[in-house]
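Undergrad: In the order they appear, the protein sequences are chains A and B.
Numbering of the first sequence is given in my numbering, commencing with residue 24 and proceeding in unit increments.
Numbering of the second sequence is given in my numbering, commencing with residue -10 and proceeding in unit increments.
Positions of the beta carbon are idealized from the N, C-alpha and C atoms, including for glycine.
Note that the structure is a prediction, hence the values are computed from the model and not measured.
The structure follows.
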Amino acid sequence: TVGAVVMDCNGRIAAATSTGGITGKRVGRVGDSPLIGSGTFAIDEIGGVSCTGHGESIIKICLAKHVICLMENGMNAQNAVEQSLQFMNSRVKGAGGAICISASGEAAFHFTTERMAWAIAKANVLSWGLDPNEHNTEMM
Amino acid sequence: VEPVVVIHGGAWAIPEKICDASRNGVKLAARKAYEIVKSGGSALDAVEAAVILLENEPVFDAGKGSCLNAAGEIEMDASIMDGTSLKAGAIAAVTNINNPISLARLVMEKTDHCLLVGEGANMFAKECNVPSVDPSTLITEDCLEEWKTFQKYTSAVDSLFNNQINSLTIGHD
């Protein structure tokens, strides 16, 4: 699964997610990626989210919308992503990751799996990582 | 407004041998999207361009490099959403196109629907003149190996317990 969330110069936000599924999955099984509110969500006034991980768990808690609802209630993007993934883990025992941009331009990501490849471009600085607590930066 | 881009390449136990390619892929996708918005492009164009780049990179599980299902076939899913209009487009279980995210955007922009699946999604792709490809061009050596291992495993477990394994959801998408 891959995903992107972007805020443009007009403050408009879009989100996108694409996946090739799981090895050996049942024919016709669909995960969260094509489900708006689970794998993907964007609303300019609050933020945008793209998710990855155990599809059935993400669907059960509508992970993307869950992050948006926490932000709508005043939580910042980083806490919203972390708390949503912790909830998914505690409530349905699912692991995954999510990226997020808030309406104020805060960029956030978190994952509860072993690894997640991520990258952030903001203010001409490119950040990226893959292992837990890995954080590299370079000027664009 | 200061533009911002965030990219992910999937959350799972990424094997050591593809870590660097995964890091490079998400960096390239972030650069691509950032260039678009820095030069005044839209967030929608930027997310689509970033995901196309990742779909074309075989190290990621999307587009080229998708996993094989129980029947040894590829089924791809994608979605895109515009935060201004709340318009959204998605496709599921498409089998023979290079970039599912572009078809999802066509669903958003050319239909009143949010989601088209299976044969209908493939028919819509044809209607929109999206070039179809031989699904074998989307299958990588690694995915085939993983599928063979999976087959061996499930048949071994199956014969051991002599019961039909309904759905072995190993981990993540």
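Can you find a C-beta in chain A that's less than 8 Å from the C-beta of Ala114(B)?
TA: no
Undergrad: Hey, quick one: how far does the alpha helix (DSSP H) through Cys92(A) stretch, first residue to last?
TA: That run of the alpha helix (DSSP H) goes 86 to 95.
Undergrad: Would you identify the three-state DSSP class for Ser125(B), choosing helix, strand or coil?
TA: Note: Ser125(B) maps to helix in three-state DSSP.
Undergrad: Between Thr143(B) and Lys48(A), what straight-line distance do the alpha-carbon atoms span, to the nearest angstrom?
TA: 12 Å
Undergrad: In angstroms with no decimal places, state the Cα-to-Cα distance between Gly61(B) and Glu108(B).
TA: 18 Å
Undergrad: Report the residues of the region 2 to 17 of chain B with a CB closer than 8 Å to any CB of chain A, ordered along the chain.
TA: Ala2, Ile3, Cys8, Ser11, Arg12, Gly14, Val15, Lys16
Undergrad: Between Met30(A), Ile91(A), Ser127(A), Asn33(A), which lies nearest to Gly60(A) when the distance is taken from Cα to Cα?
TA: Ile91(A)
Undergrad: Scan the region 36 to 47 of chain B for residues whose Cβ lies nearer than 7 Å to a Cβ of chain A and list them as they occur along the chain.
TA: Residues of the region 36 to 47 of chain B that bring their beta carbon within less than 7 Å of a beta carbon in chain A comprise Val36, Glu37, Ala39, Val40, Leu43, Glu44, in sequence order.
Undergrad: Grouping DSSP H, G and I as helix and E and B as strand, with all else coil, what is Lys48(A)?
TA: coil
Undergrad: Flag His102(B) as yes if its beta-carbon sits less than 8 Å from any beta-carbon of chain A, otherwise no.
TA: no
Undergrad: Applying the 10 Å Cβ sphere with the 16-neighbour rule, what's the burial state of Ala2(B)?
TA: exposed
Undergrad: Classify Pro47(B): buried if its beta carbon has 16 or more other beta carbons within 10 angstroms, exposed otherwise.
TA: buried
Undergrad: When the cut-off is 8 Å and only beta carbons count, does Ala103(A) lie next to chain B?
TA: no
Undergrad: Can you name, in chain order, every residue of its own chain whose Cβ lies under 6 Å from the Cβ of Ala27(A), other than the five neighbours on each side?
TA: Ala39
Undergrad: Give the secondary structure of Ile63(B) by DSSP, where H, G and I count as helix, E and B as strand, and everything else as coil.
TA: coil
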